[in-house]
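Under the working numbering, residues 979 to 1301 are what the sequence shown spells out, in order. Built from N, CA and C at the ideal position, the CB exists for glycine as well.
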Amino acid sequence: MMHRGCGGVGAHVVSWWPGSAGAALSSGLITTHRMLPIRWLGGARMGGWLRRAPGSLCGLRRLALGSPFPVGRGDQLPHTDLTVTAEEHVDEERYYQLYPGHIPTSPLQKALLSAGSAFMALYNPYRHDMVAVLGETTGSSALRSLRDKMKHDPEGYQILQERPRIRLSTLDVTGLRGLPDGTFGREYVRFLDSNRVSPDTRMPVKFVDDEELAYVIQRYREVHDLMHTLLGMPTNMLGEVVVKWFEAVQTGLPMCILGAVFGPVRLSARKLQILTTELVPWAVQSGRNASCVLNFYYENRWEQTVESLREEIGILHPPAICV
């Protein structure tokens, strides 16, 4: 889990990567700190001084860059107006934070985050925070393609406009449990109960530098458990790899491709044989045959049967194999 630490990106990364790996990644991010707001340096001594010191960020940037000032009298320092106006403050907040929790990063910082999160995700596939960071820092092209697919589909466009969220606060869990067996809503809640998972555990987006694309990847994360339900896959390692193969074909996200390719390394020989001979061909074929899974307003389909929803999306019936 992430901890707030000192408030800076380096502090966030140190809490993710223990030991020398976290220190190295933090150092790399701090060297490019000029891309980050001064307020994120609050935990550092100099950052705290800058936060307390009067003056606008624009003025401080001019000082840092060594811009020439008008020549003053004698040895007097030139006068510089460092007052902060409300308009400047609003403009700076708008630039630095495109949505709540957004952390703008430079290409170098994204590369460092991508490398570190990829290493940790491969070392421990259950580090969902690392998988989330990897998806955000490497998926801009795939996210734009998914966004365009949603914009050109009536139901997908409605989702982009209304921005629904799948969380416990938005779900009528009691009502879903009361639906007949075989309905999508009932089977989804059954999946949550049997696997002891919650939609609220999905990480909030932080590193996507586009507000609309940030919602697209957030939506992808929140329908992930719905894909488990439709594909009939549990949350064990074999089930996760199968879902990743389906999602890799569907989304083109590098994070999904990485999980699909390297996820099987921890499987036993028997499960690896089942995966390669039965489950992967089915998941790939289903991914190619299915419509874009982000174009379905699942919240309006709880009473639809799983079978009819699979047929509508284009997901083939799961093979009769115990996963």
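request  = Leaving aside the five residues before and after Pro1142 along the sequence, list all residues of the same chain whose C-beta is less than 6 Å from its C-beta, in chain order.
outcome  = What you label residue 1142 is simply residue 164 of the sequence shown in a count that begins at 1. Here the set comprises Glu1277.
ask   = Just to confirm, are Ile1291 and Ala1261 a CB contact at a threshold of 7 Å?
value = As a first step, residue 1291 is located in the sequence shown; it is residue number 313 there, counting from the start. As a first step, residue 1261 is located in the sequence shown; it is residue number 283 there, counting from the start. No, the pair does not count as a contact, with Cβ atoms beyond the cut-off.
ask   = Should Thr1207 be labelled buried (16 or more other beta-carbon atoms within 10 Å of its own) or exposed?
value = As a position in the sequence shown, residue 1207 is number 229, starting the count at 1. Under the 10 Å beta carbon count, Thr1207 is surrounded by 16 or more other beta carbons and is classified as buried.
Closest by C-alpha distance to Arg1168, when choosing among Thr1179, Val1151, Met1181 = Locating residue 1168 in the sequence shown gives position 190, where the first residue counts as 1. Comparing Cα-Cα distances from Arg1168 to each of Thr1179, Val1151, Met1181, the minimum goes to Val1151.
ask   = For the candidate residues Thr1179, Pro1177, Asp1178, Val1194, whose alpha-carbon lies nearest to that of Phe1185?
value = Residue numbering aside, residue 1185 sits at position 207 when the sequence shown is read from its first letter. In terms of Cα proximity to Phe1185, the closest of Thr1179, Pro1177, Asp1178, Val1194 is Val1194.
request  = Compare the Cα-Cα distances from Ser1176 to each of Glu1189, Leu1157, Leu1250, Leu1204 and report the closest residue.
outcome  = On the sequence shown, position 198 is the one that residue 1176 refers to. Per the Cα distances, Leu1204.
inquiry  = For Leu1294 and Arg1155, what's the separation of their Cα atoms in angstroms?
reply    = For the purposes of this step, residue 1294 is taken as residue 316 along the sequence shown, with counting starting at 1. For the purposes of this step, residue 1155 is taken as residue 177 along the sequence shown, with counting starting at 1. Cα to Cα, the separation comes out at about 26 Å.
query = Should Asn1102 go down as buried or exposed, given a rule of 16 or more other Cβ atoms within 10 Å for buried?
reply = For the purposes of this step, residue 1102 is identified with residue 124 of the sequence shown, where counting begins at 1. Here Asn1102 is exposed, its C-beta having fewer than 16 other C-beta atoms within 10 Å.
message = Along the chain, where does the alpha helix (DSSP H) containing Ser1172 start, and where does it finish?
response = By one-based count along the sequence shown, residue 1172 stands at place 194. Going by DSSP, Ser1172 is part of the alpha helix (DSSP H) stretching over 1162-1173.
Per DSSP, the bridge partner or partners of Thr1283 = By 1-based counting over the sequence shown, the position of residue 1283 is 305. According to DSSP, which records beta bridges pairwise, Thr1283 is partnered with Thr1161.
ask   = By Cβ distance below 6 Å, which residues in the same chain neighbour Leu1091 in space, the five residues on each side in sequence not counted?
value = On the sequence shown, position 113 is the one that residue 1091 refers to. So the qualifying residues of the chain are Val1111, Thr1115.
request  = Give the range of the alpha helix (DSSP H) segment to which Lys1184 is assigned.
outcome  = Stepping through the sequence shown from its first residue, residue 1184 is reached at position 206. Run containing Lys1184: none; DSSP gives neither H nor E here.
key: Asp1126 in three-state terms, based on DSSP   = As a first step, residue 1126 is located in the sequence shown; it is residue number 148 there, counting from the start. Asp1126 falls in the helix class under three-state DSSP.
ask   = Where does Asn1102 fall in DSSP's three states?
value = Numbered from its first residue, the sequence shown carries residue 1102 at position 124. Under the three-state reduction of DSSP output, Asn1102 falls in the coil class, being neither helix nor strand.
ask   = Do Met1233 and Gly1094 have their C-beta atoms within less than 7 Å of each other?
value = Sequence index remark: in the sequence shown, residue 1233 carries index 255 (1-based). Sequence index remark: in the sequence shown, residue 1094 carries index 116 (1-based). Contact flag unset, no.
query = Skipping 5 residues on each side, what residues in its chain have a beta carbon closer than 6 Å to that of Ser1005?
reply = Translated into the one-based positions of the sequence shown, residue 1005 becomes position 27. Residue placement at Ser1005 is flagged as unreliable, the pLDDT there being 39, under the threshold of 50; a coordinate-derived value is accordingly withheld.
inquiry  = According to DSSP, is His1202 part of a helix, a strand, or is it coil?
reply    = Translated into the one-based positions of the sequence shown, residue 1202 becomes position 224. His1202 falls in the helix class under three-state DSSP.
ask   = Is the CB-CB distance between Pro1325 and Val1227 below 7 Å?
value = A query on residue 1325 cannot be resolved here, the shown segment of the chain reaching from 979 to 1301 and no further.
task = Look at the Cβ atom of Cys1270, then the Cβ atom of Lys1127, and state whether they are nearer than 7 Å.
result = Within the sequence shown, the letter at position 292 stands for residue 1270. Within the sequence shown, the letter at position 149 stands for residue 1127. Against a cut-off of 7 Å, the Cβ pair of Lys1127 and Cys1270 comes out as a contact.
Member of Leu1191, Arg1164, Val1183, Asp1107 whose CA lies at the smallest distance from the CA of Leu1119 = The residue you call residue 1119 lines up with position 141 of the sequence shown. Per the sequence presented here, residue 1119 reads as Ser, with Leu not at that position. Of the residues Leu1191, Arg1164, Val1183, Asp1107, the one whose Cα lies closest to the Cα of Ser1119 is Leu1191.
ask   = If you drop the 5 nearest sequence neighbours on each side, which residues of the same chain put their C-beta closer than 7 Å to that of Pro1182?
value = Counting from one through the sequence shown, the residue named residue 1182 turns up at place 204. Around Pro1182, the same chain offers Gly1079 as residues with beta carbons nearer than 7 Å, after the five sequence neighbours per side are excluded.
ask   = How would you call Gln1196, buried or exposed, if buried means at least 16 neighbouring beta carbons within 10 angstroms?
value = For the purposes of this step, residue 1196 is identified with residue 218 of the sequence shown, where counting begins at 1. Buried, because 16 or more other Cβ atoms sit within 10 Å of the Cβ of Gln1196.
ask   = Closest by CA to Leu951, which one among Arg1279, Lys1222, Phe1274, Glu1281?
value = Since the first residue of the chain shown is 979 and the last is 1301, residue 951 is not available in this structure.
task = May I have the straight-line CA-CA distance separating Asp1187 from Pro1297, to the nearest angstrom?
result = Locating residue 1187 in the sequence shown gives position 209, counting from the first residue. Locating residue 1297 in the sequence shown gives position 319, counting from the first residue. Whole-angstrom Cα-Cα distance: 40 Å.
ask   = DSSP state of Arg1023, grouped into three classes?
value = As a first step, residue 1023 is located in the sequence shown; it is residue number 45 there, counting from the start. Because the pLDDT of Arg1023 is 37, which lies under 50, any placement of that residue in the model is unreliable, and the number read from its coordinates should be weighed accordingly. Reduced to three states, the DSSP call for Arg1023 is helix.
key: Expected contact under 8 Å - CB spacing of Thr1161 and Trp1280 to nearest Å   = Position 183 of the sequence shown, counting from 1, holds the residue named residue 1161. Position 302 of the sequence shown, counting from 1, holds the residue named residue 1280. In this structure Thr1161 is in contact with Trp1280, their Cβ atoms being roughly 7 Å apart against a cut-off of 8 Å.
request  = With DSSP as the reference, label Pro1259 as helix, strand or coil.
outcome  = In the sequence shown, residue 1259 corresponds to position 281, counting from 1. Residue state, collapsed to three classes: helix.
ask   = If we ignore side chains and look at the alpha-carbon of each, how far apart do Val1301 and Gly1210 end up?
value = Here residue 1301 corresponds to residue number 323 of the sequence shown, with the count starting at 1. Here residue 1210 corresponds to residue number 232 of the sequence shown, with the count starting at 1. If I take the Cα positions, the gap works out to 9 Å.
request  = Alpha carbon to alpha carbon, how far is Ala1247 from Glu1133? Give it in angstroms, no decimals.
outcome  = The residue labelled residue 1133 in the question sits at position 155 within the sequence shown. The residue labelled residue 1247 in the question sits at position 269 within the sequence shown. The straight-line gap from Cα to Cα measures roughly 42 Å.
Simplified DSSP state of Pro1232, which is helix, strand or coil = If you number the sequence shown from 1, residue 1232 lands on position 254. Three-state result, Pro1232: helix.
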